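Counting along the sequence shown from 1, when you hit position 40 you're at 39 in numbering that gives the first Met the number 0, and nothing is skipped either side.
For reference, the structure is listed below as structure tokens.
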Amino acid sequence: MKDLIDHTYLAADCTGDDVDRVCREAIEHGFYAVCIPPYFVTRAHKLLNDTAVVLATVISFPYGYQETAVKVQEIRRAMDEGADELDIVVNISAVKSGDWAYVRSDLESVTTTARLKGKVCKIIVEAGTLSETELQQICGICNDVKPTYVKTSTGTREGASVAQVQYLRANLHADIKIKASGGIRDKAFANALVEAGADRLGTSSGIALVD
0 MKDLIDHTYL
10 AADCTGDDVD
20 RVCREAIEHG
30 FYAVCIPPYF
40 VTRAHKLLND
50 TAVVLATVIS
60 FPYGYQETAV
70 KVQEIRRAMD
80 EGADELDIVV
90 NISAVKSGDW
100 AYVRSDLESV
110 TTTARLKGKV
120 CKIIVEAGTL
130 SETELQQICG
140 ICNDVKPTYV
150 KTSTGTREGA
160 SVAQVQYLRA
170 NLHADIKIKA
180 SGGIRDKAFA
190 NALVEAGADR
200 LGTSSGIALV
210 D
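If you want it as structure tokens, here you go:
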């Protein structure tokens, strides 16, 4: 289980001390990655340098409605500062407006920006806020643009569910991985998500899951 966990702390009041703690815990427990706010990428990179723990950060978090050029600049800055993985929120406003040409263009731009630097790109779809038709459309676009992962949610609204993971696994190409995130606080739920098809788990309760 530990090698599936992105040990996460994305609270609005996150401090440097919080980031230091999360990085120490990830190293101690052998978690796959930490996921922290962009403001702290340089700090976390120094702490995780020469360790096996991967550094992830979020882009256009938590609503995704920044312009594409802003997202691309965020990604470039995060990569320059040491981020290995980018968890990027889909433009939910564009999705809800039915502007699928914009959604496609946006996702093509962000995935390409990460891919050109050899970085892992995770598209956060906020599945709990979408209709099945909207989620199906996003899955189709992701099948075309091929992010490394599709991620269920930001965790700031509805969390992950087994049904969401099952739906994504059934509708995404096999080479696109799935990250479940939000509300994962106990082993039974974590195991159920993995059995449903999750390849990675984003949680602030990583220690509880492995103890």
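Cβ atoms here follow ideal geometry from the backbone N, Cα and C, with glycine treated the same way.
What you are looking at is a predicted structure, and each value in this text was computed from that prediction instead of being measured.
By the C-beta density criterion, residue 159 is buried, having at least 16 other C-beta atoms within 10 angstroms. Residue 180 carries a strand assignment under DSSP once its states are collapsed to helix, strand and coil.
Across the structure, residue 62 and residue 88 are spaced so that their CA atoms are roughly 7 angstroms apart.
As computed with DSSP, residue 121 is found in a beta bridge with 86 and 148.
The alpha-carbon of residue 67 is positioned some 17 angstroms away from that of residue 56. Residue 56 carries a strand assignment under DSSP once its states are collapsed to helix, strand and coil.
DSSP places residue 5 inside the beta strand (DSSP E), whose first and last residues are 4-7. Counting other Cβ atoms within 10 Å of its Cβ, residue 18 reaches 16 or more and is therefore classed as buried.
Within the model, the alpha-carbon separation for residue 124 versus residue 153 is close to 8 angstroms. The residue from 110, 43, 108 and 187 with its alpha-carbon nearest to that of residue 13 is 43. The region 22-81 is shown to contain whole alpha helix (DSSP H) runs of 4 or more residues at 40-47 and 67-79, in chain order. Residue pairing by DSSP places residue 200 opposite 4 and 179 in a beta bridge.
For residue 160, there is no enclosing alpha helix (DSSP H), as DSSP marks it with neither H nor E. With fewer than 16 other Cβ atoms from the protein chains shown falling within 10 Å of its own Cβ, residue 0 counts as exposed. A Cβ-Cβ distance of about 20 angstroms is found for the pair residue 183 and residue 171, leaving them out of contact under the 8 angstroms criterion.
Remark: C-beta atoms of residue 129 and residue 149 do not approach each other more closely than 7 angstroms. In the assembly as shown, residue 96 is an exposed residue. Its beta-carbon has fewer than 16 other beta-carbons within 10 Å.
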